[in-house]
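Before any comments, here is the structure.
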Amino acid sequence: MPAPEPNPLRILILEADHPFPGTTRKYGGYGGVFTSLLMQATVHSSLSLRVHNVVDAPPPSLAALHAEGTDGILISGSKANAFDDEPWITALVAFLREVLAEQKIRLVGVCFGHQIIARALGCAVKRGDEGWEASVTPVPLTGRGKELFGKEILNIFQMHRDIVTSLPEDAENLGATDKCAIQGMYSETRGFITVQGHPEFTPKIVDEILRARRKAGIFSEEQFEDMISRLENAHDGVLVANAFLKFVKEGVDKGAARCCST
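Everything in the sequence shown is counted per UniProt numbering, starting at 1 for the first residue and increasing by one.
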């Protein structure tokens, strides 16, 4: 007899932005981009993904998430600043503090998501002194980063100039570059994993962003040419997705073990 299908991992994807037009046409939104990435992962064969845009509507209640059996929440990147106090950003921070205090649903943060989790835990986010980090970038990993990703150096798309300035209590740094000393955070006890980079990005998505930002004068021609030159470099997006899903699954298994022991 074939092995029974595992229970699906139930993940809520919180979109914190709207993509550029080309990406929107192909994926519908960043929820679609992450769905495409997570469906390429192999660590768990059954996923139930739901998308909610927190720019357009407040986050759902914890009671609703528990009723749906939510196992993990993934917060996307954004062109917004994680240190700003726009109403939707402060509402997201308050929501994440509730989730972190309860420690029942695991959190995954990507770029802005990485930064906003740090803010919810009391750490400052600011403009980095070294400026933009963009396109495929090698990130030397810490001991914990090597353990989680199985590599010495993670190659990942970047698109940021803001940085997390300190680690929350009980968190470990996952990697560092010259432009960003905290490239990811991990806490088994508090239930979160984050990366500053973008495992979900593809060359086409990044090409659209780079060209739009060059046209807007955000990137100089020299910056643009450097970023474009690294666009097709190999990157570890699916590897990171597998680490994310493994982390969420471990939370489910831990919760099941706790229930069985009581």
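A virtual CB, placed ideally from N, CA and C, is assigned to each residue, including glycine.
Cβ neighbour criterion (16 or more within 10 Å) applied to residue i
i                 : result
histidine 66      : exposed
aspartate 178     : exposed
glutamine 40      : exposed
leucine 14        : buried
asparagine 173    : buried
arginine 106      : buried
glycine 175       : buried
glycine 69        : exposed
aspartate 236     : buried
phenylalanine 247 : buried
alanine 243       : buried
glycine 184       : buried
residue 263       : What the structure shows of the chain is the stretch from 1 to 262, and residue 263 is not part of that stretch, so it cannot be assessed.
alanine 57        : exposed
asparagine 7      : exposed
aspartate 226     : exposed
threonine 262     : At threonine 262 the pLDDT is 49, less than 50, meaning the model places this residue with poor confidence; the figure from the coordinates comes in the next sentence. Burial call: exposed.
proline 2         : Note that proline 2 scores a pLDDT of 44, beneath 50, so its modelled location is shaky; the value from the coordinates is reported in the next line. Per the 10 Å Cβ criterion, exposed.
alanine 216       : exposed
aspartate 85      : exposed
proline 4         : Only weak support is given to the placement of proline 4: the predicted model assigns it a pLDDT of 49, under 50, and the question is left unresolved by the model.
aspartate 170     : exposed
Closest Cα partner of residue i within the set the options
i                 : options                        : result
alanine 241       : Cys180, Leu154, Pro138, Ser78  : Leu154
proline 87        : Pro199, Pro59, Gly237, Leu245  : Pro59
glutamine 158     : Glu147, Trp132, Ala181, Leu148 : Trp132
leucine 148       : Leu49, Leu239, Leu92, Phe95    : Leu239
alanine 234       : Gly32, Ile156, Ala91, Phe244   : Ile156
alanine 64        : Asp56, Arg50, Glu225, Val55    : Arg50
arginine 127      : Ala82, Leu141, Glu222          : Ala82
phenylalanine 224 : Gly237, Thr35, Asp207          : Asp207
glycine 251       : Ser187, Asp236, Gly237         : Ser187
histidine 160     : Thr142, Gly150, Thr137         : Thr137
leucine 245       : Ser61, Asp170, Gly29, Asp71    : Asp71
threonine 27      : Thr202, Glu221, Glu222, Glu152 : The sequence shown places tyrosine at residue 27, not threonine. When only C-alpha atoms are compared, the closest one is Thr202.
threonine 23      : Glu221, Ile228, Glu222, Ile209 : Ile209
valine 55         : Thr35, Gly29, Phe34            : Gly29
Under 9 Å between C-beta atoms of residue i and residue j
i              : j                 : result
aspartate 129  : lysine 79         : no
valine 110     : valine 164        : no
glutamine 103  : arginine 214      : no
valine 139     : glycine 77        : no
isoleucine 205 : proline 21        : no
valine 108     : threonine 42      : no
glutamate 200  : leucine 47        : no
leucine 9      : lysine 254        : no
arginine 211   : serine 135        : no
isoleucine 73  : leucine 121       : no
residue 264    : glycine 113       : Only positions 1 to 262 of the chain appear in this structure, which leaves residue 264 out of reach.
residue 265    : cysteine 123      : Only positions 1 to 262 of the chain appear in this structure, which leaves residue 265 out of reach.
glycine 32     : asparagine 53     : no
leucine 100    : phenylalanine 192 : yes
Check your understanding: Which runs of the alpha helix (DSSP H) spanning at least 4 residues fall entirely within the stretch 118 to 188, listed in chain order?
Key -> Fully enclosed alpha helix (DSSP H) runs of no fewer than 4 residues occupy 143 to 149 of the stretch 118 to 188, in order along the chain.
**Study point:** Secondary structure, beta strand (DSSP E): runs of 3+ residues fully inside the stretch 70 to 104
**Key:** If we require 3 residues or more, the beta strand (DSSP E) runs fully inside the stretch 70 to 104 come out as 72 to 75.
Exercise for review: Note down, one range per segment and in chain order, each alpha helix (DSSP H) of at least 4 residues found wholly within the stretch 206 to 241.
Suggested key: Within the stretch 206 to 241, the complete alpha helix (DSSP H) segments of 4 residues or longer fall at 221 to 229, listed in chain order.
Exercise for review: Check whether the stretch 110 to 121 touches the stretch 95 to 102, counting contact only when three or more Cβ pairs, one atom from each stretch, lie closer than 8 Å.
Suggested key: With a cut-off of 8 Å on Cβ pairs, the stretch 110 to 121 is in contact with the stretch 95 to 102, counting three or more such pairs.
Exercise for review: Can you check the stretch 5 to 29 for any beta strand (DSSP E) of at least 3 residues that lies completely inside it and give the ranges in chain order?
Suggested key: Listed in chain order, they are 9 to 15.
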